[in-house]
Every structure is written in structure tokens, then in C-alpha cells.
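Engineer: The following block contains the structure, expressed as C-alpha cells.
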Amino acid sequence: MNRRYPVDELFRSRLEHHSVEPPMQVWQRIEESRRRAGIAAGPSRLSILWIAACTVAVLAIPRSEWTPRLAPVVQAAATAPAATPAAEIPVRQEARMEPAGILRDVMQQVAPVLSASLPARMSIKDALEPVPAVIDAANGEARQEEAIAANDAPATWNADPLPVRSDIGLLQRARSFPEASKCATFKNMGVRFHVELTASPDLAFRRLAPAGDTPEEIAYAEKREQSEQPLYNYSFNARIAASTRFGLSLRTGVQYAQINEQLRFVTETEQRFTIINIIGPGGNVVGVDTVYETIFREKTIRNRYRMLNVPLLAGYEVPVKRWLFSAHGGALVNILFRQQGSMFQPQGEMPVDFSLLEQEGVPAFEKHLGIGWYAGAGVAYKLRPKLQIMVEPHLRAFPRSFTGPQHPVRQNYTQGGVALGLRYQI
Amino acid sequence: MMAVCLRYARSREEAEDLLQDAFIKVFDGIGDFQFKGSLEGWIRKITVNTALRHYKRSSFRPEHNGVEWDIEMAEEPDVYGQLEEEDLMRLIARLPDGYRVVFNLYAIEGYSHKEIADMLGIQESTSRSQLVKARKMLQIWLTENKKIAV
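So the protein sequences, as listed, match chains A and B. Just add 1009 to wherever you are in the first sequence, counting from 1, and you've got this note's numbering. Just add 2 to wherever you are in the second sequence, counting from 1, and you've got this note's numbering.
Structure follows, in C-alpha cells:
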């Protein structure tokens, strides 16, 4: 007895196993609801197979599993008069007919599947027969429950029909499984879905390599290397993550990434000369000197490479209290690649806008980057029951060059960063 | 199942709706039952989850009852021995929705405050607070019943 909270104990002890008979119209409503939903046609083929598998599993349990619980009932049944078919005796079956009908539908759906797996001496027809009632020797009243139990008796296993003769019998049999403190788990309840929103400052490691071995190509690669400097980069992710209870996870969504660089070049030079008079000790001009100065006018253009990718990631997650550690990797499918800015041309002295190159039919860049790879390791901390803050260091790269096959330089990036964001269970 | 539904519902009609939903889910999900625990527990879990989903979906209104919390908790349980189960069910049904759900989950189903917080999307402290208030409210009503009985 819980002395500290007698109210809890009072309600728990009195109501934990309290049962209430539902009104008849509830069963009728359930049947109507099933018919409206099209369930009345029967469960799906997959469901039937599952039910069949579960039922066969029940039947496959050794007889000894049933014997201890049923032994006293067997004796009672043995001393009772001969069983009489249910149809001949007005037992209290009206109130139970509707629920029995629902589960009976399931059994009828299962029947064809079960036929192949049942022992030869049992028939589905027998299994679906109504439960015969038993006449009580003392007062002649029919007792449905004892009849069910009598049918479960192991003594009748070989000679009588299948022990599971009705849905009520099935429920009673399943009830004899060892009681667990927690109820059974669903196989499809282990999947949890999260929405992940992250933003990340990124570092982009650029590789500019000449497409060939010619001196022109090598010189051009060096020229671009010197003229283009990296700036800040960033990416945003909006993903949906599905995590199973086994720790496996799948992620997909949208990723936007932008690489920024600057192109610095001299637009023009200016020569300035200054004439200086040289004054002598007497204050007279004794000579003239001319000073020449060259001034470079430099211009900076910002180059932007924008990518829209779809990540297809698989990974593994390990929850530890309020923390969640994960590692995942997979493919990045590029669906959009746009560039803005300018670059030097191999033959020109001045940079040319990317769009101009495209208009002239000699685009420098690819339209799409194809498939790249992504790898990340995340740590999430549960702030609220469904909300987690997450940090995810990551690397990503596209093997395909940003530049087209006709361009003399191959341009690749490997990007890395630390994404920070939120993860919300849906 | 009906008794569980009655404990979580405001009225018998609502309990019947819950029972209908729960039973259809049981029927649909019977193929998912893995025989790793008791069938009774599995069905009970579905019923409770159905009631919780209904509770969340209906976004219950705040309910004010005006009860003063000055009752001692050390009441002997024996004095309630004469109460019928239906009386207790009626008392539970009188509780405000939040109190009723938390009290059912904690006191009768046996969930911890952490589990309740996860299920309902609330803080653990909220669960504890609602349980205490539910207990006190029930205590008041039980005491009133006792006086009437005397």
C-alpha cells in the first residue's frame, strides 16, 4: 500500500483492472466505420501474412506452455456432461456477437494462408466454428468461458479440432503469454521523423589544375590562382531525418551552398611625372629634376558560385541521455548550379563576365555538378521533449569540375564547415 | 478498453468515440503485434495513445474550479473502502482535462513523469504540478463523499 499517496493507491487498485461493458451501438458504429473506410473488405495482403505468421507462431508454441494453466479446467470439463452446440442453447452471446464478428473477419481472411501451415488433422473450418457452450452440471446454465477453456485443453489436442476456435479463444490464449511490465512494441513505431534546419559557415578548399600539360594551360592556371582569392562561404540545410529504433537514419531535403571569391585585377595604369627645381645655396635654381610615378588602378569583382543540392544520406545515431551522437554520409545530387562574376580568359588581358562567355557560346562552367558526396558527424542536445539543438561538422565535395570540358583549367572544391541548427520531431 | 476510455474522457459519449477509434486501430494494427508482450497490454497502450491523441487534438480549454488547496494529504485509505468503482470513475471524470490525463498516466498506468512529459510534450515539472493538483482535488471530493456518507 502506498502510504504516502493513498489517493493514488486507491484509484490504482480499484481501477487498474476495472472493466466496463461497452454499449451495443459502439460495435455497430465500429462495423459501419470499417465498412465506410473500406476495411470491411479485409486487411491488406501484407497484414494477412503478418497475422498468419503470428497465428502460426501461436500454434507452434509447445503444448507444455499451455498445460499448467489449463489443467484444472480440463478436469472440470471431463466431469461435465457432453458438450452441446451453441446454437441449441440460449447463452449470453448477443452482447459478444459483434466484436466476435470483427475478429472472425480477420480469421476468415487469414484462413487461406493458414491452410497450408496447419497440421493435417486440423481444418480452418473447425477453427472458425462457433464455440460450443457447456452445460453446468449443477444448474444447467451454459458457461461460455469454460467452454472456451475446455476447447483449449491439451487433452483434446490430437482428437479435437484446432484449439483456437474463436477470436475469444485467441485472445485468451494470447493473454497467457508472460506478462511484461511494458506492452509490446510496434515494428513500425520505431521510426521517428525530425525536421532539421541548419546553417553553416564554410571553408572552401579550391584546386585549380591545368587541364593539360601545355605551358599556356599551366600559365593560365597560375594566373587564375593569383587573381582569385577566397572569401567567406556558407550553406543552409533543410532536411527530414527518419531514425529507426535500431539507430539507423536516413536524411533528405534541400541544401543551398554558396562559395564567394573575389577577382582582383588592374584596370588601368597612370603615369605621373613631377618636375622639381633644385635650388642652390644662393637661392637660385641650379637645376631641374623630373620624377616619374606609375599608378595602378585595381578593381575587385565578387564571384559567386551557388548550388542547390539534394542530400541523400544514411547514418547511425546513438542517443545518450539528452544527447544524440550521429554520423552520416551519402550523396549530394546537384539540381542547380549558377555562377556570377568574371574571370580572365586565356588569351585576354582583361576579365570577362561569366554571362558574356555563355552568350558567346563558350561557357566556362557546367550547368550541373552531378553527384557529390557528403559526410557529417552530428551532436544534438535535447532542449525540449521534441526540440534539439544540433551541431554538425561536415565535409562535402563534387568530383566533377565546376568548369566545362573545354576550359583549360579544372576547378574543384572541397568544402567543410560546422553547421548549427535545430532539430524538431514531427 | 471501455473502462480506460472512460477514465480519459469527459463524458460517456466521448469515451465511446475513443473506444471506436481505438478498436479500429487495434483491428488495423493487429498485423503489427509482435507477441513480445501481452496482447492486453498492447491493446491498452493503443487505447491510451488514442485518448492522448484526442486530448492533444482537441486543445482543451483552461478550466477553473476555484478550489482552495488547504487539505492535508494524510487521509487513511480505509475510509474509502465503501466507494464503488463507478464513484471513482465519476470523480476522475470531474477532474480538469490536464489533471485527469496526468493522474491517469501516473497513478493508474504507472508512467513516470519523464515519460508523461515526452508523451504530452510538456515539462516534467508541469506533469508533477498537475499530478499534485489532481491528487488534492480528488482528496477534497473524497473527503466530501466521506462526510456525506457519515
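Idealized CB from N, CA, C, for every residue including glycine.
(1) DSSP on K58 (chain B), reduced to helix/strand/coil?
(2) Kindly give me the distance between the Cβ atoms of R9 (chain B) and I118 (chain B), rounded to whole angstroms, as I take these residues to be in contact under 8 Å.
(3) In its own chain, which residues sit with a C-beta less than 6 Å from the C-beta of M4 (chain B), not counting the 5 before and 5 after it?
(4) Does any residue of chain B bring its CB to less than 9 Å from the CB of V1329 (chain A)?
(5) Enumerate, from N- to C-terminal direction, the unbroken beta strand (DSSP E) stretches of 3 or more residues contained entirely within the region 1232 to 1288 of chain A.
(6) Just reading off the beta strand (DSSP E) that M1316 (chain A) is part of, what are its end residues?
(7) Decide yes or no for the touch test of the region 1229 to 1236 of chain A against the region 1413 to 1432 of chain A: beta carbon pairs closer than 8 Å, at least 3 of them.
(8) Is any beta-carbon of chain B found at less than 9 Å from that of I1398 (chain A)?
(9) Can you tell me which residues form a DSSP beta bridge with A1336 (chain A)?
(10) Using DSSP's beta-bridge definition, name the partner residues of G1426 (chain A).
(11) I need the DSSP call for E117 (chain B), collapsed to helix, strand or coil.
(12) At the 9 Å Cβ level, is H1203 (chain A) part of the contact set with chain B, yes or no?
(13) Should V1327 (chain A) go down as buried or exposed, given a rule of 16 or more other Cβ atoms within 10 Å for buried?
(14) For L1431 (chain A) and chain B, any beta-carbon pair shorter than 9 Å?
(15) To which residues does DSSP link T1223 (chain A) through a beta bridge?
(16) Can you find a CB in chain A that lies within less than 9 Å of the CB of F62 (chain B)?
(17) So, R1311 (chain A) versus E1270 (chain A), is the Cβ gap smaller than 9 Å?
(18) Can we say the region 1270 to 1287 of chain A touches the region 1305 to 1321 of chain A, given the rule of at least three CB pairs closer than 8 Å?
(19) Can you give me the C-alpha to C-alpha distance between G1381 (chain A) and A1213 (chain A), rounded to a whole angstrom?
(20) Shortest alpha-carbon distance to G1339 (chain A) belongs to which of A:L1345, A:A1323, A:N1318, A:V1400?
(21) Cβ of Q1271 (chain A) versus every heavy atom of the ligand FAD: is any distance shorter than 8 Å?
(22) Do you know offhand how far E87 (chain B)'s Cα is from D1017 (chain A)'s?
(23) Please list the partners that F1020 (chain A) has in chain B, where partner means a Cβ-to-Cβ separation under 8 Å.
(24) Under a CB-based cut-off of 9 Å, is L144 (chain B) close to chain A?
(25) Closer than 7 Å by C-beta to D1362 (chain A): which residues in its own chain qualify, once you throw out the five before and the five after it? Chain order, please.
(26) Determine contact between the region 29 to 42 of chain B and the region 1243 to 1263 of chain A, defined as no fewer than three beta-carbon pairs at a distance below 8 Å.
(27) Using a Cβ-Cβ distance under 9 Å, would S1028 (chain A) count as near chain B?
(28) Could you compute how far the alpha carbon of P1015 (chain A) sits from the alpha carbon of R1044 (chain A)?
(29) Would you mind telling me which residues of chain A sit closer than 8 Å to R9 (chain B), beta carbon to beta carbon, in chain order?
(30) Do you know whose CA, among A:L1345, A:R1331, A:G1199, A:H1337, lies nearest K116 (chain B)'s CA?
(31) Ignore the nearest five residues each way along the sequence and tell me which others in A1049 (chain A)'s own chain have a CB closer than 6 Å to its CB.
(32) Along the chain, where does the beta strand (DSSP E) containing D1362 (chain A) start, and where does it finish?
(33) Provide the residue(s) that pair with Q1437 (chain A) in DSSP beta bridges, ordered along the chain.
(34) G1199 (chain A) by DSSP, collapsed to three states: which one?
(35) With the cut-off set at 9 Å, would you say G1430 (chain A) and P1402 (chain A) are in Cβ contact?
(36) Would you identify the three-state DSSP class for G1413 (chain A), choosing helix, strand or coil?
Structural biologist: Taking the structure as given:
(1) helix
(2) Wrong, their Cβ atoms sit about 15 Å apart, outside the cutoff.
(3) L21
(4) no
(5) 1237 to 1252, 1257 to 1288
(6) 1294 to 1329
(7) yes
(8) no
(9) A:Y1325, A:A1386
(10) A:D1211, A:H1403
(11) helix
(12) no
(13) exposed
(14) no
(15) Answer is none; T1223 (chain A) lacks a bridge partner.
(16) Note on F62 (chain B): pLDDT 45, under 50, position unreliable in the model; no value is reported.
(17) yes
(18) yes
(19) 15 Å
(20) A:A1323
(21) Although the ligand FAD was asked about, the structure shown includes no ligands whatsoever.
(22) 14 Å
(23) L90, I94, F105, A109, I110, L140
(24) yes
(25) S1351
(26) no
(27) yes
(28) 46 Å
(29) L1024
(30) A:R1331
(31) Annotation note: pLDDT 44 at A1049 (chain A) (below 50); position unreliable, coordinate value reported separately. The residues are R1043.
(32) 1360 to 1362
(33) Residue 1437 (chain A) is absent from the model: chain A starts at 1010 and stops at 1435.
(34) coil
(35) no
(36) coil
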